[in-house]
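To start, the structure itself, in structure tokens.
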Amino acid sequence: MRFRTKLLIVLTIFLGFNGISKSQTPSSSSEDQTVDVFLDCRRCSETYIRNELTYINYVRNKEDAELHLLITRQSTGSGGFEYTMRFIGSREYEGQDNTYRYISSASDTQEERQQGLVNRIGLGLVPYLSSMPVIKQMEIRYEPREERTSPSALADDWNYWVFEVYAYTSLRGEQSQNQFFLSTGADADRISEELKIRLNYDWDYDRRSFDRDDSTDIFITRGQELDGTVVQSLSDHWSVGIFAEANRSTRNNIELGVYGSPAVEYNLFPYREYAQREFSIMYSLAPNYYEYQEETIYGKMHETLVRQRLRTNVQINQPWGEFEGRLDATTFLHDFTKNRFEVDLELDVRIFRGLSFNVNSRYAIIHDQLYIPKGDISDAEQLLNLRQQSTSYSYRVSMGIAYSFGSIYNNIVNPRF
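Note that full-length UniProt numbering numbers the sequence shown so that position 3 is 3, with each residue one more than the last.
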């Protein structure tokens, strides 16, 4: 009897809250009638957009929306961001799709970048709001500049070159141990529609110390890397380029590693569709020279090898979700058994109303660790991962599932706590 009473109370409370959720609708005033939008913002602040654009209704599921706003972001050559906004209509707006872009500069603050994006979204919403009563409460204002920019003033004194110098450090510890990490470097990039040039130098230093009763153990790892890329556009689908790199790593037993490689890439889709989809295949053939800090398990202190690489990259951004996948296969020409095959997959998909699933995984088959030093690895090196250890595979997998239900509207922004 008590169980039935408790069950009846739980059902009553649930149905009561469900009724409240269904009744939570925005103002029903005819003057405030507006469009229902599903905001699908990838790598941008949904909270900021909802807080600034208050004249539309935000719904939690795209099945309830009259307009699906899909926003994706890509880095630009100057260090800024390019946002692609796809307005996808449904119901009475079926077939009324539009795409706009907004580019922020590298010098913009987060506030300036977000405000610029919000302004561009607002302009993109105008065609859908033009037949709604809420349009009567809106106005578009134009503020002319005092002086128009002359064509000569648009000249780029830097000829598309962008430079950056950086340093990053971290320090953490406790009574018996501490760690100090330092990374510095510099970048030089020149990116245009026809030519892409990227140069990077990075230097890392990692020091860990552990106090014992009468001594202190100190472990240090260092690494340096200088790499460059030059890519020439040939057409909407083809590109050619050159890769080069020089590196040093105490963890990988490399005193000096140098390689240079020509490469060719084909994209199944036109490059201009990068914000929606990409399916590219890249092939390179690279001579490699290695000098080792210690003799390797193959009895080498230095060697010159040729390695070929085939990489496939897939990226899809659609209203149902996004998918990214990469296949990377390499092998040394002197011995095809010395190879590596890596698969990276990332999937985020809406299965149906309120239910979403995501998975992030990586698996690698490894048979190309020619640099492993001869001899046994110490317990400290193994536990602290100070040296790369011999392995035939590696993997990582993470996944999750989420289901949401309740009120279809999501207009309120409450930043408390």
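Here a beta-carbon is modelled for each residue, glycine too, at the ideal position from N, C-alpha and C.
Residue environment, residue i, which counts as buried when at least 16 other CB atoms sit within 10 Å
{"i": "F163", "result": "exposed"}
{"i": "T54", "result": "exposed"}
{"i": "G241", "result": "buried"}
{"i": "L67", "result": "buried"}
{"i": "N159", "result": "exposed"}
{"i": "residue 436", "result": "Residue 436 is absent from the structure shown; the chain starts at 1 and stops at 417."}
{"i": "K62", "result": "buried"}
{"i": "F38", "result": "buried"}
{"i": "R307", "result": "buried"}
{"i": "S235", "result": "exposed"}
{"i": "M399", "result": "exposed"}
{"i": "D40", "result": "buried"}
{"i": "A167", "result": "exposed"}
{"i": "M85", "result": "buried"}
{"i": "F405", "result": "exposed"}
{"i": "D189", "result": "buried"}
{"i": "I121", "result": "buried"}
{"i": "Q315", "result": "buried"}
{"i": "I49", "result": "buried"}
Same chain, Cβ closer than 8 Å to residue i, neighbours up to 5 away in sequence not counted
{"i": "P151", "result": "Since pLDDT at P151 reaches only 45, below the 50 mark, its modelled position is unreliable, and the value read off the structure follows with that caveat. Cβ neighbours of P151 beyond the five flanking positions: none."}
{"i": "P373", "result": "N253, Y292, Q293, E294, E295, T296, I297, R387"}
{"i": "I377", "result": "R387, Q389"}
{"i": "F81", "result": "R73, Q74, S75, I103, S104, R113"}
{"i": "D97", "result": "R86, F87, I88, G89"}
According to DSSP, residues forming a beta bridge with residue i
{"i": "E265", "result": "S239, M282"}
{"i": "D328", "result": "R311, E342"}
{"i": "R113", "result": "None; R113 has no bridge partner."}
{"i": "R91", "result": "R91 pairs with nothing; no bridge assigned."}
{"i": "residue 439", "result": "Outside the displayed range of the chain (1 to 417) lies residue 439, so it cannot be described from this structure."}
{"i": "V306", "result": "P287"}
{"i": "R350", "result": "S356"}
{"i": "H68", "result": "F38, I88"}
{"i": "S394", "result": "A364"}
{"i": "N98", "result": "F87"}
{"i": "P319", "result": "None; P319 has no bridge partner."}
{"i": "R73", "result": "Y83"}
{"i": "W161", "result": "R190"}
{"i": "G400", "result": "N358"}
Residues near residue i by beta carbon distance below 6 Å, same chain, minus five either side
{"i": "S23", "result": "Caution is warranted here: a pLDDT of 36 is assigned to S23, below 50, making its placement in the model unreliable, and no coordinate value can be reported."}
{"i": "F181", "result": "S170, D206"}
{"i": "G257", "result": "N247, Y290"}
{"i": "residue 434", "result": "Since the first residue shown for the chain is 1 and the last is 417, residue 434 is missing from the structure and cannot be characterised."}
{"i": "L268", "result": "F279"}
{"i": "R224", "result": "The residue you asked about is not Arg; residue 224 is Gln in the sequence shown. Contacts found: W203, R248."}
{"i": "Q276", "result": "N317"}
{"i": "D348", "result": "G321, E322, N358"}
{"i": "A244", "result": "G228, G260"}
{"i": "I401", "result": "F357"}
{"i": "E342", "result": "D328, A364"}
{"i": "L333", "result": "V306"}
{"i": "E265", "result": "S239, S280, M282"}
{"i": "S233", "result": "E194, S239"}
{"i": "Q177", "result": "F210"}
{"i": "S172", "result": "One point to set straight first is that residue 172 is Arg, not Ser, in the sequence displayed. Counting only Cβ-Cβ distances below 6 Å, and skipping sequence neighbours, we find Q179."}
{"i": "D187", "result": "E164, N200"}
{"i": "P287", "result": "V306"}
{"i": "P262", "result": "I242"}
{"i": "R362", "result": "D344, R396"}
{"i": "R222", "result": "Y205, T250"}
{"i": "I191", "result": "G77"}
{"i": "E303", "result": "Y290"}
Contact set for residue i: own chain, Cβ-Cβ below 7 Å, skip 5 residues either direction
{"i": "L117", "result": "C44, Y83, Y102"}
{"i": "residue 419", "result": "Not covered by the structure: residue 419. The range shown for the chain is 1 to 417."}
{"i": "L125", "result": "I56"}
{"i": "I135", "result": "L129"}
{"i": "H367", "result": "T337, K338, N339, R340, S392"}
{"i": "G185", "result": "Y166, N200, Y201, D202, W203"}
{"i": "Y271", "result": "D236"}
heavy atom of the ligand ZN below 7 Å from residue i C-beta
{"i": "G228", "result": "As far as ligands go, the structure on display features none, and thus does not contain the ligand ZN."}
### Query
Is it a yes or a no for the stretch 319 to 331 touching the stretch 387 to 396, going by three-plus beta-carbon pairs under 8 Å?
No contact exists between the stretch 319 to 331 and the stretch 387 to 396.
### Message
In chain order, what are the residue ranges of uninterrupted beta strand (DSSP E) at least 3 long that sit wholly in the stretch 166 to 232?
### Response
177 to 191, 195 to 211, all fully within the stretch 166 to 232.
#### Entry: Three or more C-beta pairs below 8 Å linking the stretch 209 to 217 and the stretch 247 to 256
In short, these stretches do not touch, since the Cβ pair count stays below three.
### Message
So, does the stretch 85 to 92 touch the stretch 59 to 77, judging by three or more C-beta pairs under 8 Å?
### Response
Short answer: they touch.
### Query
Are the stretch 303 to 312 and the stretch 269 to 283 touching by the rule of at least three beta carbon pairs closer than 8 Å?
Two segments are said to touch when three or more pairs of C-beta atoms, one from each, lie closer than 8 Å; by this definition the stretch 303 to 312 touches the stretch 269 to 283.
### Query
Should the stretch 187 to 204 be called in touch with the stretch 231 to 241, which here means at least 3 C-beta pairs below 8 Å?
Enough Cβ pairs lie closer than 8 Å, so yes.
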